[in-house]
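Participant: Protein chains in written order, with the working numbering: chain A, 34 to 192; chain B, 34 to 192; chain C, 34 to 192. Shown below is the structure under consideration.
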Amino acid sequence: MEPKEKLSIVCFSGDFDRAVAVFTLATGAAATNREVTIFFTFWGLNIIKKRPGHRWTGTGILARFFNFLMGGRNNLPLSRLNFGGISPKLMTGMMKAKNVATLDVLFEAAKELGVGFVACEMAMHILELKREDLIDEVTEVIGVSTFLDRSRDAKILFI
Amino acid sequence: MEPKEKLSIVCFSGDFDRAVAVFTLATGAAATNREVTIFFTFWGLNIIKKRPGHRWTGTGILARFFNFLMGGRNNLPLSRLNFGGISPKLMTGMMKAKNVATLDVLFEAAKELGVGFVACEMAMHILELKREDLIDEVTEVIGVSTFLDRSRDAKILFI
Amino acid sequence: MEPKEKLSIVCFSGDFDRAVAVFTLATGAAATNREVTIFFTFWGLNIIKKRPGHRWTGTGILARFFNFLMGGRNNLPLSRLNFGGISPKLMTGMMKAKNVATLDVLFEAAKELGVGFVACEMAMHILELKREDLIDEVTEVIGVSTFLDRSRDAKILFI
């Protein structure tokens, strides 16, 4: 039996549109029998915060401030033409109208399909995020070298 | 005979500077005997719209609005220091002055060199773009899984 | 002996956060015995300018203007929530407070670890940057095709 093809995605961005790209690629790959891992780092950590809205997280004042401003999965901005956060909502409406999976649907599908969620240790340190601030599906908090070791046989995309 | 090296580019961005990067990599790779495919998705679809300016495209009001605002190949914004669209024009002037291929030249070269143009089915659905809204050189409208299948032996870049 | 794993990074972005990602990946990979090359292009060239602040570089008025506005390593903006350049400084403070390597530390570590620095010929032409405008650690100025040839056995990330 041939080994499964592997896809690793570094999810650096916390933009709504790029998050849709990450989860579309991840679910598309997993649904066709590939082993997929998403390494969430920096702005990407916002996508896997347990509390999906604007919340004060962290202990230091700056980390709390940045975490509040960045918010979570329900507040991801569009990378262009965001119009103060209206556009991601409009776009979600357009996706529903066209029977295209929304980000929430893709997110749940990724979990169902066994896509691996891992979080970047260093970025969590900087933003003072603790393991319990992230969704339960995150199986590991790892460093860059470990991620590269795991992705030895994988294609890696940086998004 | 060794099989040709392959390069697949996910062209997600519709920024002028990133489009230049996409087409520079694509033509550079194709000119040195590599097989190159560009998968245009989301903002990247603007680059391959038949009508390169701001136009009302799509049927729903929101899709029409977004398509108008995004425009096409002649309106791509610079990702930084865009200054209301002046910078891409200035930069094109700098490229000409330095005898560096402009985006239009790179775009034509990519076609000449046989770079494959494919478009993302899902993104077209969301933005209500039809096959006939895109340039004739687009050979296929495919989904993410098909793209990944085709890119099995390729390096993939997400831009 | 197995050949070393290779990682090539196209550093297109000149954003502070993406530069941190580039150098974290580069040093993490090099520290675990991988051969790493960073190909600096477009905005990424700002990171390896010899003079790290806002300076008039180039001969043409437009190139001088763009180079002044973009600045160098000390002026890289955050890709979101930049607040006029305050955020990169705040974030550097947060990194120090958390004993996480700052961009300057990562930059020096990359040099120590033998990460290869190469610069994109075409982007230098457009921005009128000369070899002597870049830091001494840049070993070569090459084109895209040469970069792809060198990266034949490497994973390539576009950041």
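C-beta atoms are modelled at their ideal positions from N, C-alpha and C, and glycine is treated no differently.
Taking a Cβ distance cut-off of 9 Å, strictly less, list which residues of the region 82-109 of chain C are near chain B, in chain order.
Facilitator: Within the region 82-109 of chain C, the residues whose Cβ lies closer than 9 Å to some Cβ of chain B are Gly93, Leu95, Ala96, Phe98, Phe99, Leu102, Met103, listed in chain order.
Participant: Residue ranges of each alpha helix (DSSP H) run of no fewer than 4 residues wholly in the region 46-85 of chain B, ordered along the chain?
Facilitator: With a minimum length of 4 residues, the continuous alpha helix (DSSP H) runs that stay inside the region 46-85 of chain B are 49-64.
Participant: Using three-state DSSP, classify A:Thr92 as helix, strand or coil.
Facilitator: Here A:Thr92 sits in coil by DSSP.
Participant: What residue range does the alpha helix (DSSP H) around B:Gly126 cover?
Facilitator: Note, B:Gly126: alpha helix (DSSP H), 119-130.
Participant: Quick check on C:Val133: does DSSP put it in helix, strand or coil?
Facilitator: It is coil, neither helix nor strand.
Participant: Rank A:Ala130, A:Phe180, A:Glu68 by C-alpha distance to the C-alpha of A:Glu38 and give the top, closest one.
Facilitator: Ranking the options by Cα distance to A:Glu38, first place goes to A:Glu68.
Participant: List, in order along the chain, the chain A residues whose C-beta lies closer than 7 Å to that of C:Ile30?
Facilitator: What the structure shows of chain C is the stretch from 34 to 192, and residue 30 of chain C is not part of that stretch, so it cannot be assessed.
Participant: In the DSSP assignment, what are the bridge partners of A:Lys39?
Facilitator: Its beta-bridge partners are A:Glu68, A:Ala187.
Participant: Taking only three categories from DSSP, how would you classify B:Leu160?
Facilitator: Of the three classes helix, strand and coil, the one that applies to B:Leu160 here is coil, per DSSP.
Participant: Where do the ends of the beta strand (DSSP E) carrying C:Glu170 lie?
Facilitator: No beta strand (DSSP E) contains C:Glu170, which DSSP labels as neither H nor E.
Participant: Exposed or buried, what is A:Asn132 when buried is set at 16 or more other beta-carbons lying within 10 Å of its beta-carbon?
Facilitator: Classification for A:Asn132: exposed.
Participant: How about A:Val55: is its C-beta nearer than 8 Å to some C-beta of chain C?
Facilitator: Not closer than 8 Å to any Cβ of chain C, the Cβ of A:Val55 fails to qualify, so no.
Participant: Checking 8 Å against the spacing of the C-beta atoms, do B:Thr172 and B:Phe140 come in under that value?
Facilitator: Their beta carbons are not under 8 Å apart, which means B:Thr172 does not touch B:Phe140 by this criterion.
Participant: Taking the CB atoms as reference points, tell me whether B:Ser46 and B:Ser184 lie closer together than 8 Å.
Facilitator: Result no, Cβ atoms of B:Ser46 and B:Ser184 do not sit closer than 8 Å.
Participant: Who are the near neighbours of A:Arg84 in its chain, counting only those whose CB is closer than 7 Å to its CB and skipping five residues on each side?
Facilitator: Result list for A:Arg84: Gly105, in chain order.
Participant: Going by alpha carbons, who is nearest to C:Asp50 out of A:Met155, A:Leu136, A:Met124, A:Leu162?
Facilitator: When only C-alpha atoms are compared, the closest one is A:Met155.
Participant: Of the residues A:Thr57, A:Trp89, A:Cys44, which one's Cα is nearest the Cα of A:Asp166?
Facilitator: Cα-wise, what sits closest to A:Asp166 is A:Trp89.
Participant: Within 8 Å of any Cβ in chain B, is that where the Cβ of A:Thr65 sits?
Facilitator: Closer than 8 Å: yes.
Participant: Quick check on B:Thr74: buried or exposed, where buried means 16 or more other Cβ atoms within 10 Å of its Cβ?
Facilitator: So B:Thr74 ends up on the buried side.
Participant: Does the beta carbon of B:Leu111 sit closer than 8 Å to a beta carbon anywhere in chain A?
Facilitator: Judged by the 8 Å Cβ criterion, B:Leu111 is not in contact with chain A.
Participant: Taking the continuous beta strand (DSSP E) assigned at A:Phe150, which residues delimit it?
Facilitator: Counting along the chain, the beta strand (DSSP E) containing A:Phe150 begins and ends at 149-153.
Participant: Return the residues of the region 126-151 of chain A that lie within a Cβ-Cβ distance of less than 9 Å from chain B, sorted by chain order.
Facilitator: From the region 126-151 of chain A, only Gly126, Met127, Met128, Ala130, Lys131, Asn132, Val133, Ala134 have a Cβ closer than 9 Å to chain B.
Participant: Would A:Leu40 count as contacting chain C if we go by Cβ distances under 8 Å?
Facilitator: Cβ-Cβ to chain C under 8 Å: no for A:Leu40.
Participant: Can you confirm whether C:Ala62, when its beta carbon is compared against all beta carbons of chain A, has any partner nearer than 8 Å?
Facilitator: It does: the Cβ of C:Ala62 has a partner Cβ on chain A nearer than 8 Å.
Participant: Using a Cβ distance threshold of 8 Å, determine whether the region 175-182 of chain C contacts the region 105-116 of chain C, with at least three qualifying pairs required.
Facilitator: Contact between the region 175-182 of chain C and the region 105-116 of chain C is absent, because fewer than three Cβ pairs lie under 8 Å.
Participant: Which residues in the same chain have their Cβ closer than 8 Å to the Cβ of A:Ala54, if we skip the five residues on either side of it in sequence?
Facilitator: So the qualifying residues of the chain are Ile192.
Participant: By the 10 Å Cβ neighbour count, where 16 or more other Cβ atoms means buried, how is A:Ile94 classified, buried or exposed?
Facilitator: Burial call: exposed.
Participant: Can you list, in chain order, the residues of its chain whose CB lies under 7 Å from that of C:Phe56, leaving out five sequence neighbours each side?
Facilitator: Same-chain partners within the cutoff: Leu136, Leu139, Phe140, Ala143.
Participant: Check the DSSP bridge columns for B:Ile192 and list the partner residues they point to.
Facilitator: Answer is none; B:Ile192 lacks a bridge partner.
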